[in-house]
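Take the sequence shown: its position 295, counting from 1, is numbered 295 in UniProt numbering, and each next residue is one higher. Structure, as structure tokens:
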Amino acid sequence: MSELTQGFLQKFGVKVVHSSIYHPQSNPVERFHRTVKRILRVLCLEAGSDWEQAIYPALFSLRTVVHESTGFAPAELVHGKNLRTPLTLLYEKWMDQENEGSHVTEYIYSLINRLKRCQDLAVSQMEQSQQKNKVWYDKKAVKREIREGDLVLVFATCRANKLSPHWMRPGKVVSKLSDTNYVIELPGKVQKSRVYHINMLKPYYKRADQVNFLLEEDDAMNNEEMEIPYIDTRPNDFNVDEIIFENNLGDKLDNEEIYQLKEVICTHQNCFSNVPGKTDIVTHDIELTKDDPVLCKPYRNSPRQNEILKTEIQKMLAMKVIEVGFSDYASPMILIEAPGRDPRPCIDYRKLNQITKTKFFPLPNIEERIETISSASYITTLDLSRGYWQIPLSPNAQRYAAFVTSFGTYKPLRMPFGLKNAPYEFSRMISQILEGCEEFAVPYLDDIAIYSRSFKEHIKHVRIVLRRIQHAGLTIKLSKCKFAQGEVKYLGHVVGQGRRKPSELKIEAIQNFPRPSTKTDIRAFLGLAGYYSKYIPMFSSLAAPLTDALKGKNRKVSAVWTEHCEEAFLSLKKALISFPVLYAPDYRQEFILQTDSSDRGMGAVLSQIGVDGNEHPIVYLSKKFSGVERNYGVSEKECAAIIYAIQKLRHYLDGQPFTIETDHNPLV
């Protein structure tokens with residue numbers, strides 16, 4: 001900065017605040033440049049070759065638009081009043097306003113007062129806006145701190161391509177300027193020390209140095225056994241401190257408990273990898289009902305889709321999940337592209353599945369799993385790395401499961417997604433691995449939940465499960481694991497600490513669900529909301545207008561949308577948006593069963609008295625009356641509700657003391 005500029009800023013009381021490099025969030029000039037670039041982009045499209053003639057009107061409009069943070073236009077803060085835009089001139093002409101003259105002195109004082117008032121209001125509005133933005137930002141912000149002398153990676157641009165930032169060489173932290181700014185020394189730079197924001201930094205962990213041994217043979221030692229120490233130079237694919245940080249365990253566990261958890265994870269670090277392992281416990285085989293070969297032509301894809309498929313196949317070849325081969329069976333490969341997700345290659349095994357013998361293995365009950373885990377105080381969830389790919393295929397299954405693309409034929413070596421019996425085979429393998437651990441570990445496909453009431457028990461349980469997974473040759477995807485949590489997201493629910501509630505993402509999906517226009521849309525909404533029917537009292541009665549709208553043989557015609565349908569649609573949304581909470585059952589306590597009925601259906605709620613002396617709901621139950629049941633009398637409907645509730649909740653009430661409560665006096 002030149003001396004002239006410094007003198008000018010000092011004369012007018014302007015304070016210069018330097019922002020850290022590559023962090024435009026702290027510099028409003030960068031935001032202004034972004035807005036100007038967007039304006040220029042629009043001018044080039046709309047004005048064509050005459051875009052430069054529209055620059056001045058565009059800048060004029062930019063200076064007269066009210067700023068969101070200050071509540072004033074930039075011109076209004078500089079001149080004391082906004083500029084006369086074409087709309088202002090048109091307004092003055094319509095209103096026939098005349099400009100009343102004033103004395104120069106009065107005008108100067110009025111201008112000073114206006115500027116002062118605009119400044120005060122702008123500062124006040126800016127502070128409120130900053131406070132509001134800070135509250136929203138701090139909701140997901142995590143406090144980080146780097147010590148002097150630590151090595152860090154710097155997220156910055158290189159000279160070759162300034163628009164492509166990447167993580168640069170490790171630098172050394174020289175000093176800490178504030179909670180967010182650090183002075184970093186980078187070797188090989190002209191300016192060795194620079195100020196970087198903490199969001200542009202991440203810790204650097206140096207790999208273990210490789211050591212080579214030179215051994216010289218000695219005749220005197222030929223007959224002796226010599227032990228050579230081999231150093232494992234394979235770098236860790238994870239950092240334990242980062243795991244503790246991402247799971248926010250510093251706020252939940254003390255130092256001793258964190259140390260015990262670190263010791264368990266480090267002991268079984270070979271389990272954690274993004275590369276699928278290979279188990280020797282089971283081998284998947286395919287048995288066909290007839291010997292007619294399934295030979296399909298490859299689907300035609302666009303050049304872009306073919307490039308994606310080639311990339312994914314190369315990854316699968318590198319992981320030795322598939323191999324190039326030929327077979328008299330061939331199913332086509334397709335590319336699944338969904339909004340908001342990366343393209344995913346899949347194999348269309350529909351024809352092969354039609355002639356495959358079905359294998360049966362009981363899948364666990366989701367509701368039972370959720371209730372079991374919700375009663376725990378400490379929960380760990382493990383997610384296997386592409387679990388199906390960790391099960392090898394038999395030579396016979398490799399022949400049947402071969403797939404074809406427009407650029408080659410391949411044979412899978414591991415169990416692919418889409419096979420008819422793949423879920424049952426995988427569930428059978430996990431069941432064998434966790435045999436004897438049913439009291440503290442429950443699987444559901446590739447999700448394994450470990451739950452305990454105390455931390456001491458939890459460490460023991462986690463150690464047992466990790467040891468069994470390691471012996472089975474399986475690998476776990478660390479980025480999807482949660483350790484020693486009080487609450488976790490599991491199968492669309494948030495469970496833990498004796499409670500469970502719907503997942504916020506699922507509730508948001510129900511909230512944003514558009515008004516149904518066809519019967520298919522109504523079924524989709526009822527399927528989504530029905531998954532959480534146990535959270536809603538009298539769900540069947542509330543949804544009765546929607547289920548009535550589905551009547552008719554044609555399943556895809558437009559539905560007759562009435563006021564009752566709209567009311568039911570909004571009522572179900574409102575019931576779930578309130579984030580209802582259910583509690584885990586305690587089979588040592590007495591149950592309370594409350595029943596009720598209406599003209600459309602019957603309902604019940606099972607509850608218990610908690611430690612705090614309040615009554616807590618465990619599950620809600622409801623059923624829409626059939627045509628015959630609607631003709632029942634009031635007493636018969638109330639009695640039918642009691643019978644229905646006891647039958648449906650028998651797995652809770654069998655062998656347990658419970659009390660029935662009803663508001664119908666004749667039954668009492």
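The C-beta atom is built at its ideal place from N, Cα and C for all residues, glycine as well. As the structure is a computational prediction, the values presented were derived from the model and not from experiment.
By the Cβ-count criterion, MET95 is exposed, with fewer than 16 other Cβ atoms from all chains shown falling within 10 Å of its own Cβ. In the three-state scheme derived from DSSP, where H, G and I count as helix and E and B as strand, LYS315 is classed as helix.
Note on ARG500: 16 or more other CB atoms within 10 angstroms of its CB, so buried under the neighbour-count rule. For the pair GLY496 and LYS359, the Cα-to-Cα distance works out to about 34 Å. Nearest C-alpha to PRO165 among ASP179, LEU201, ASP150, GLU185: LEU201.
Relative to GLY603, the option among GLY48, PHE539, GLU127, GLU371 whose CA is nearest is PHE539. If the five residues before and after PHE326 are omitted, its C-beta is found closer than 6 Å to the C-beta atoms of THR409, all from its own chain and listed in chain order. With 16 or more other Cβ atoms inside 10 Å of its own Cβ, ALA449 counts as buried. Shown here for PRO516: same chain residues with a beta carbon closer than 6 Å to its own, the five before and five after excluded, namely ILE522, PHE525 in chain order. Taking the Cα positions, TYR91 is about 14 Å away from ASN82. For ASP138, the enclosing alpha helix (DSSP H) covers residues 104 to 138. Counting C-beta atoms within 10 angstroms of its own C-beta, CYS639 has 16 or more neighbours from the protein chains shown and is therefore classed as buried. Spatial neighbours of GLY498 in its own chain (CB-CB distance under 7 Å, excluding positions within 5 residues in sequence) are listed in chain order as SER374, SER375, TYR583, ALA584.
Linking GLU323 to LEU606 through their CA atoms gives a straight-line distance of about 55 Å. The beta carbon of LYS480 sits closer than 7 Å to the beta carbons of ASP383 from its chain, once the five residues preceding and following it are set aside; these are given in chain order. Put simply, the stretch 617 to 629 touches the stretch 528 to 545. At least three CB pairs are less than 8 Å apart. According to the DSSP secondary-structure assignment, HIS458 is paired through a beta bridge with no residue.
Using a 10 angstroms sphere on the CB of GLY633, the tally of other CB atoms stays under 16, which defines it as exposed. For ASN353, no beta strand (DSSP E) encloses it; the enclosing alpha helix (DSSP H) starts and ends at 350 to 354. Taken through DSSP and simplified to helix, strand or coil, ASP596 comes out as strand. Straight-line spacing of the CA atoms in MET126 and LEU87 works out to 27 Å.
Only residues of its own chain outside the window of five on either side were considered, and among them THR64 have a CB closer than 7 Å to the CB of THR85, listed in chain order. Contact between the stretch 468 to 484 and the stretch 426 to 445 is present, with at least three C-beta pairs closer than 8 Å. The three-state secondary structure of GLN497, taken from DSSP, is coil.
Here the C-alpha atom of ILE258 lies approximately 10 Å from the C-alpha atom of PHE483. In the three-state reduction of the DSSP assignment, THR547 falls in the helix class.
Here the stretch 353 to 368 makes no contact with the stretch 457 to 469; the two share fewer than three CB pairs at distances below 8 Å. Distance from the CA of LEU45 to the CA of VAL560, rounded to the nearest whole angstrom, comes to 46 Å.
The beta carbon of CYS296 is closer than 8 Å to those of ALA330, SER331, PRO332, ASP348, LYS351, VAL404 in its chain, skipping five residues each way along the sequence.
At the C-beta level, TYR531 and ALA575 stay beyond 9 Å of one another. Residue nearest to ASN181 within the set GLY171, SER558, HIS197, ARG169 is HIS197 (criterion: CA-CA distance). Annotated three-state conformation of LYS143 is coil, per DSSP. Annotation for ASN396: the continuous alpha helix (DSSP H) segment containing it runs 395 to 400. A residue is called buried once 16 or more other Cβ atoms fall within 10 Å of its Cβ, and VAL66, having fewer, is exposed. SER503 has its alpha-carbon roughly 7 Å from the corresponding atom of LYS489. In the displayed model, LEU434 falls within coil according to three-state DSSP, outside both helix and strand.
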